[in-house]
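In case it helps, my numbering puts the sequence shown at residues 14 to 350.
Single-structure report; data block below.
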Amino acid sequence: MTQSGNIQELRDKFGRVHNYLRISLIEKCNLRCSYCMPAEGIPLSPKAHLMSADEVLEFARIFVGLGVNKIRLTGGEPLLRKDIGVILEGLSKMPVDLSITTNGLLMDRHVDNFQKLGIKKINFSLDTLKEERFQQLTRRTGFQKTLDNFELLHNKDFDLKINTVLIKGINDDELVDLVNMTKDYKVSVRFIEFMPFDGNSWDRSKMVSEKEVLDQLGAHFGAERIASLPNEDNFTARKFKIAGYKGDFGIISSVTNPFCGSCNRIRLTANGRIKNCLFSNQETDLLAAMRAGENVENLILESILNKKAVRAGMDSMEKLSDPALHSDNRSMIAIGG
Ligand code: SAM
Ligand code: SF4
14 MTQSGNIQEL RDKFGRVHNY LRISLIEKCN LRCSYCMPAE GIPLSPKAHL MSADEVLEFA
74 RIFVGLGVNK IRLTGGEPLL RKDIGVILEG LSKMPVDLSI TTNGLLMDRH VDNFQKLGIK
134 KINFSLDTLK EERFQQLTRR TGFQKTLDNF ELLHNKDFDL KINTVLIKGI NDDELVDLVN
194 MTKDYKVSVR FIEFMPFDGN SWDRSKMVSE KEVLDQLGAH FGAERIASLP NEDNFTARKF
254 KIAGYKGDFG IISSVTNPFC GSCNRIRLTA NGRIKNCLFS NQETDLLAAM RAGENVENLI
314 LESILNKKAV RAGMDSMEKL SDPALHSDNR SMIAIGG
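Structural data, given as structure tokens:
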């Protein structure tokens, strides 16, 4: 941990300050998205190995003490946790920018609580606007409920982003339809490149690159109508807007064009392990350490100092495409995207 003035911060060997923590609350999900998990499911941690609500809040306090000021909850499906209300309430009292990533299916049950606690930022995962395709991709039903809940959040003025994982030959024919949602909805649609993880049948040819997205949209809308927006700090999405539309869209190209240089992200898995990079299989068991009364701060610092410059050392497409490297990691459902 380094000191800048009196403020503690988590700075790595490359000078990147880590102020953004993504906490996975659960390994289970009510969907079975094919890009996220194998059809047969994943081995689940025993319940006793998962963080309790109190432990989640204790970790959050520790990270805030180390300079974290942004927390995103994810999973699995975070809204499946029975004690989500306790966790949200505790986190909402901390000095952090709090947000959640959800598939939205259970959002109607929680919307009032989100409003009450003033949590406005929601990333809503939606890969298709076609019901049959939704069922193929998620291996579950629930399409209409998902759309209804999106509408509900939009009407209640939440700060919404849509996450769409693009897979060639599966949903890349919906690019225009998804961007058209930004015409009337003040929403940011983010196209995420399909990333390789254990058991998700990734191969390079299934990815849709940034260039292909822009070419396809340019052909439909006219390149002159697509304006490039300025990058935000620690950006993960290059953003664009169609002239006259209310919302905007972005491209998250972690594979073909990674944004590791400005990475500020740390991940904590539902079983309390810190991951210094989405692509890293190096984990440190913070939960066991906390339960044993050990110094968790030092372990966090050590993990950050071990962070590699680019994608956990997979610094070329060749390395990233090697299943021996990318499959030696958890499935996304157990990391928390
Ligand atoms: N269940 C919640 C949801 O779907 O929003 C939160 C967890 S999910 C793992 C978080 C995000 O990871 C989702 O937006 C999902 O689309 C994304 N994701 C999962 N697997 C991915 C992959 N192989 N490549 C890119 N993004 C992926
Ligand atoms: Fe569940 Fe989200 Fe993974 Fe889909 S992407 S299986 S909704 S955790």
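Note that CB positions come from ideal geometry on N, CA and C, so glycine has one too.
How would you write the range of the beta strand (DSSP E) that residue i sits in, first residue to last?
| i | result |
| --- | --- |
| glycine 263 | 261-265 |
| cysteine 203 | At residue 203 the sequence reads arginine, which differs from the cysteine that was named. Per DSSP, arginine 203 belongs to the beta strand (DSSP E) from 201-206. |
Mind reading off the beta-carbon distance from residue i to residue j? Whole number of angstroms is fine, and I expect it under 8 Å.
| i | j | result |
| --- | --- | --- |
| leucine 130 | leucine 101 | 6 Å |
| methionine 327 | histidine 339 | 7 Å |
| phenylalanine 292 | arginine 324 | 5 Å |
| isoleucine 265 | phenylalanine 253 | Going by Cβ atoms, the distance from isoleucine 265 to phenylalanine 253 rounds to 12 Å, so no, they are not a contact pair. |
| phenylalanine 156 | glutamate 144 | 4 Å |
| leucine 173 | isoleucine 135 | 6 Å |
Cβ of residue i within 7 Å of any heavy atom in the ligand SF4?
| i | result |
| --- | --- |
| aspartate 345 | The residue you asked about is not aspartate; residue 345 is methionine in the sequence shown. Flag set: Cβ of methionine 345 near the ligand SF4. |
| leucine 92 | no |
| serine 138 | yes |
| glycine 212 | no |
| methionine 50 | yes |
| arginine 280 | no |
| threonine 151 | yes |
Taking the Cβ atom as the reference point for each residue, do residue i and residue j lie within a distance shorter than 8 Å?
| i | j | result |
| --- | --- | --- |
| asparagine 284 | serine 58 | yes |
| glycine 263 | arginine 35 | no |
| aspartate 261 | threonine 195 | yes |
| glycine 88 | cysteine 42 | yes |
| arginine 45 | arginine 152 | yes |
| alanine 66 | aspartate 96 | yes |
| serine 344 | phenylalanine 210 | yes |
| threonine 114 | asparagine 176 | yes |
Hey, quick one: how far does the alpha helix (DSSP H) through residue i stretch, first residue to last?
| i | result |
| --- | --- |
| valine 30 | Element bounds for valine 30: n/a, residue is neither H nor E. |
| phenylalanine 76 | 66-78 |
| threonine 159 | 156-168 |
| asparagine 176 | Careful: asparagine 176 lies outside any alpha helix (DSSP H), inside the beta strand (DSSP E) at 172-179. |
| arginine 94 | That residue, arginine 94, is in no alpha helix (DSSP H); it is neither H nor E in DSSP. |
| glutamate 187 | Glutamate 187 -> no alpha helix (DSSP H), and no H or E assigned at all. |
Residue i: beta carbon under 7 Å from a heavy atom of the ligand SAM?
| i | result |
| --- | --- |
| methionine 220 | no |
| glycine 78 | no |
| tyrosine 258 | no |
| asparagine 116 | yes |
| phenylalanine 207 | yes |
Original post:
Can you list the beta strand (DSSP E) stretches of 3 or more residues lying completely in the segment 214-288, in chain order?
Top reply: The beta strand (DSSP E) runs of length 3 or more contained entirely in the segment 214-288 are, from start to end of the chain, 239-241, 251-255, 261-265, 278-281, 286-288.
Original post:
Which ranges would you report for the alpha helix (DSSP H) in the segment 75-147 if only whole runs of at least 4 residues count?
Top reply: Whole alpha helix (DSSP H) segments, 4+ residues: 97-105, 120-130.
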